[in-house]
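Have a look at the structure below, then the notes.
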Amino acid sequence: MRSGDRLPTLTSDQKKQFGPLVSDYAILYGFSQQVSQAMDEGMKPVVDSVNSIRSPQDYMTQRDALRQANGSLNVLGQQVQNAKMQADGALAALKQPDDLKTVYYQVYQKVVTGPANAMAPLIPAAQTLTQQLVQVGDFIAQQGTQVGFANGGIQFPTSQQASQYNSLIGPLSAQHQAFAQAWSAAQTATQ
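Every number in my numbering is 136 more than the matching position in the sequence shown, counting from 1.
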C-alpha cells in the first residue's frame, strides 16, 4: 500500500482468494474504516475551524463551531478506544499458523496499533487548543462594542482588557504547535 491509501474493500474474487483469511482481513479493514470515519467526522471539523482563524474577529466567529467540535472530541476518543478494543479482542481469538501470525501481527501493528497510539495524544491536544480558542472568543464577545478591530488587529480601551486578552492568547502558540505535531503524527499513522 502506498502512503495515503486506505485499506480497500475486497472484491468477490479477492474474498475467494483469501479463503478463510477473509475474516482476518476484516479485523484490519473494520478498524481502518472506523478510524477513518472518526477522523473525518470528529477531527477534520476541528482542523477546519482552527485553520479558519486568521484575525482576532475570527475567534468570535469560530467559537460556536469550536465549542461543538470540542464536544465531539470526547466521542471521537471513545470511538477509537472501542474500535481498538474490538480489534484486539478479535486478534486474540484468531487461530493462525505461527508463520502467518508473525506477518499478520506486523500488519496489525501498522494498521491498528500505530494509528490508535497516534490518536492518544491528538485528542487531548485538540481539546486543550479548542477550549482555549473558545475562551478567547468568549472574552472578545463579552467586551461588546468596547473592542475595536483594525488592520487585522484588536484594540481595547483599557490596559487591563488588553492584558487579559494577551494572557488568553499567550498559550495558543504552544498549544497550536502541540496540536499540529499530534495531528501530523496521526495523519502519518493512519495513512
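Cβ coordinates follow ideal geometry from the N, Cα and C atoms, glycine included.
Treat the numbers as computed from the prediction; the structure is a model and nothing was measured.
ask   = Mind checking whether Ala325 and Ala262 have CB atoms under 8 Å apart?
value = Taking the first residue of the sequence shown as 1, we reach residue 325 at position 189. Taking the first residue of the sequence shown as 1, we reach residue 262 at position 126. No, these two residues do not count as a Cβ contact at 8 Å.
query = Closest by CA to Gln282, which one among Gly273, Phe292, Phe275, Asp200?
reply = Numbered from 1 along the sequence shown, position 146 holds the residue referred to as residue 282. Minimum Cα distance to Gln282 is reached at Phe292.
key: Length of the line joining the Cα atoms of Ala347 and Val171   = Lying outside 137 to 327, the shown extent of the chain, residue 347 is not represented and no answer is given.
Through-space distance from Asp235 to Thr145, alpha-carbon basis = Working through the sequence shown from its first residue, we reach residue 145 at position 9. Working through the sequence shown from its first residue, we reach residue 235 at position 99. Roughly 25 Å separates the two Cα atoms.
Strand pairing of Ala286, partner residues [DSSP] = Position 150 of the sequence shown, counting from 1, holds the residue named residue 286. Per DSSP, the beta bridge partners of Ala286 are Gly289.
ask   = Contact check, Met196 vs Gly273 under 8 Å by CB: the rounded distance?
value = As a first step, residue 196 is located in the sequence shown; it is residue number 60 there, counting from the start. As a first step, residue 273 is located in the sequence shown; it is residue number 137 there, counting from the start. At roughly 5 Å, the Cβ-Cβ gap stays under 8 Å, so Met196 and Gly273 are in contact.
key: Spatial neighbours of Pro192 in its chain, beta-carbon cut-off 7 Å, leaving aside the 5 residues before and after   = Sequence index remark: in the sequence shown, residue 192 carries index 56 (1-based). A distance below 7 Å between beta-carbons, with the five flanking residues on each side excluded, links Pro192 to the following residues of its chain, in chain order: Ile276, Phe285, Gly289, Ile290.
ask   = Nearest to Ser309 by alpha carbon, out of Gln169, Ser299, Gly250, Thr264?
value = Position 173 of the sequence shown, counted from the first residue, corresponds to residue 309. Of the listed residues, the one whose Cα sits closest to Ser309 is Thr264.
query = Going along the chain, which residues of its own chain have a beta-carbon closer than 6 Å to the beta-carbon of Gln215, five neighbours each way excluded?
reply = Your numbering for residue 215 matches position 79 in the sequence shown. These residues qualify, in order along the chain: Ala174.
inquiry  = In the DSSP assignment, the alpha helix (DSSP H) including Gly166 goes from what residue to what residue?
reply    = If you number the sequence shown from 1, residue 166 lands on position 30. Judged by DSSP secondary structure, Gly166 falls within the alpha helix (DSSP H) whose first and last residues are 158–174.
inquiry  = I'd like to know whether the C-beta atoms of Gly178 and Val211 end up nearer to each other than 8 Å.
reply    = For this step, residue 178 is matched to residue 42 along the sequence shown. For this step, residue 211 is matched to residue 75 along the sequence shown. The answer is yes: Cβ separation under 8 Å.
inquiry  = So, under 8 Å CB-CB, Asn206 and Gln267 are touching, yes? Tell me the CB distance rounded to an integer number of Å.
reply    = If you number the sequence shown from 1, residue 206 lands on position 70. If you number the sequence shown from 1, residue 267 lands on position 131. About 6 Å; that satisfies the 8 Å criterion.
query = Taking Gln271 as the reference, which of Tyr161, Trp319, Leu227, Leu202 has the closest Cα?
reply = For the purposes of this step, residue 271 is taken as residue 135 along the sequence shown, with counting starting at 1. The option with the nearest alpha carbon to Gln271 is Leu202.
task = Note the first and the last residue of the continuous alpha helix (DSSP H) segment covering Leu304.
result = Indexing the sequence shown from 1 puts residue 304 at position 168. Judged by DSSP secondary structure, Leu304 falls within the alpha helix (DSSP H) whose first and last residues are 295–305.
key: Bounding residues of the alpha helix (DSSP H) (the contiguous stretch that carries Gln311)   = For the purposes of this step, residue 311 is taken as residue 175 along the sequence shown, with counting starting at 1. Annotation for Gln311: the continuous alpha helix (DSSP H) segment containing it runs 308–325.
task = Pull up the distance between the alpha-carbon of Gly250 and that of Ala298, whole angstroms please.
result = Here the question's residue 250 lines up with position 114 in the sequence shown. Here the question's residue 298 lines up with position 162 in the sequence shown. The alpha-carbon atoms of Gly250 and Ala298 are separated by roughly 44 Å.
ask   = Can you tell which of Ile259, Lys151, Lys237, Lys152 has its C-alpha closest to the C-alpha of Gln311?
value = Taking the first residue of the sequence shown as 1, we reach residue 311 at position 175. Closest option to Gln311, Cα to Cα, is Ile259.
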